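Since the structure comes first, as structure tokens, the remarks are kept for the end.
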Amino acid sequence: VISKSGGTPETRNGMIETEAAYGARGLDFAKHSVAVTGEGSLLDRHADAQGWIARFPMSDWIGGRTSVMSAVGLLPAALLGLDIDSFLAGAAAMDEKTRVPDESANASMRLALMWHHAGNGRGEKDMVILPYCDRLDLMSKYLQQLVMESLGKELDLDGQKVNQGIAVYGNKGSTDQHAYVQQLRDGLANFFATFIEVRRTRPGDSMGVDETGATTGDYLQGFLRGTRSALYGNGRQSITISLDELTPFSLGMLIALYERAVSFYASLVNINAYHQPGVEAGKKAAGVFLSLLNNVRRHLAETGSAGYTAATMAATVGESDVEQVYHCLNHLAASGFCKRETGETPAGDTFIC
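Here the sequence shown stands for residues -6 to 346, numbered as in this note's numbering.
As structure tokens, this is what we get:
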């Protein structure tokens, strides 16, 4: 179970349900569990009290999106058989290479400058991540959080409203590229693409798959080069990152490359890449909704036999946002707590307990 504070609702709720599932099968959850968490956190104390197998510390200054090189990422990787020493060595090698002040010799700085150029320093274009390697299938999702949570900021370091950020999305080539390449080439030019290629597609020899003896790796390279050329031919910008092969070492280098590029870009546009006030605002808003949900549930349990519309329930609980009350009522109906009688419009729906 991984949670720095131990109070993150998604992680906590998943843990509670998993504990219950183990218990229902007569299994002791503690004998199968380890924790990665901050020392003295709710999870740390819970794991200690329950006698979990082990507890691995997570420093307070480590954020989720930059935790891959900590116990958060290394423990699961080690359990899956990844050579984490080589992984860290690759990250350390890239860290050293991206500390040089000469931007022409600093890969992360060059990458950040490319982002800045493509989006005019305002994030005006989306970043489309296209890894041509099955084992990098989740790279676009990882970069989506790393880039968007780090760079999507309303205020700069001087307190000025700037609304910075770069939207990130993508999928792997070539099997999934048909879902989006049509628009990338012929639709709105509101993006820049990043191709990530792995030159050696697999260890050992590859068999021929057609009469010319071409391998699946040959085809993959052809699709990558063809797609890149098609985009370039229609004035679409792109970046290509090339790996000789995908190993723990090269993966460590790739992740460290992007982590530092994010930091450099933040400096270029004068924002803090290492906080997330928008996320915190979302958590607070979720807490407000949950409080309202509990209030609505209580009133339904006490007086719900008469039936409520969203408007009458909102008046009863003193809530001005009728739509939020409507969503509370629908959620409770979907979970079986009450029944919904559909009206001519959603405003006329009646909820009875």
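Glycine residues also receive a C-beta, built at the ideal position from the N, C-alpha and C atoms.
All values reported here derive from a predicted model rather than from experimental measurement.
- The alpha carbon of R195 has as its nearest neighbour, out of I264, L136, Q137, Y125, the alpha carbon of Y125.
- A Cβ-Cβ distance of about 5 Å is found for the pair A47 and V27, placing them in contact under the 8 Å criterion.
- The Cβ neighbour count for G16, taken over all protein chains shown within 10 Å, is under 16; the residue is labelled exposed.
- Residue pairing by DSSP places Q230 opposite F185 in a beta bridge.
- With a cutoff of 8 Å on beta-carbon distance, G297 and I345 are scored as near each other.
- Per DSSP, the continuous alpha helix (DSSP H) segment holding Y135 begins and ends at 132 to 144.
- In the three-state reduction of the DSSP assignment, V202 falls in the coil class, being assigned neither a helical nor a strand state.
- L68: member of the alpha helix (DSSP H) spanning 64 to 72, first to last residue.
- Using a C-beta cut-off of 8 Å, the stretch 245 to 259 makes no contact with the stretch 279 to 295, since fewer than three inter-stretch Cβ pairs fall below that distance.
- Here A98 is not bridged, per DSSP, to any residue.
- For F330, the secondary structure class from DSSP, reduced to helix, strand or coil, is coil.
- Segment contact: the stretch 184 to 199 against the stretch 212 to 219, three or more CB-CB distances shorter than 8 Å; contact assigned.
- By the criterion of a C-beta distance shorter than 7 Å, E96 is surrounded in its chain by M102, R103, L106, once the five residues flanking it on both sides are discounted.
- Your pair F185 and I232 checks out as a contact, with CB atoms roughly 7 Å apart and the cut at 8 Å.
- Residue pairing from DSSP leaves R103 without any beta-bridge partner.
- By the neighbour-count criterion, in which 16 or more other beta carbons inside 10 Å mark a residue as buried, E316 falls on the exposed side.
- By the CB criterion at 8 Å, K332 and A340 fall outside the cutoff.
- With contacts defined as CB atoms closer than 8 Å, T187 and V121 qualify as a contacting pair.
- Comparing alpha carbon positions, the residue from A13, V161, G180 closest to L139 is V161.
- By the Cβ-count criterion, I9 is exposed, with fewer than 16 other Cβ atoms from all chains shown falling within 10 Å of its own Cβ.
- The Cβ atoms of G245 and L144 lie no closer than 8 Å to each other.
- Annotation: the continuous alpha helix (DSSP H) that includes M246 extends over 241 to 261.
- In this model, E337 and P270 are separated by some 41 Å (Cα to Cα).
- Contact check for K146 and I264: beta-carbon distance about 5 Å, within the 8 Å limit, so the pair qualifies.
- Distance from the CA of L150 to the CA of S256, rounded to the nearest whole angstrom, comes to 14 Å.
- Assigned with DSSP and collapsed to three states, G311 falls in coil, not helix or strand.
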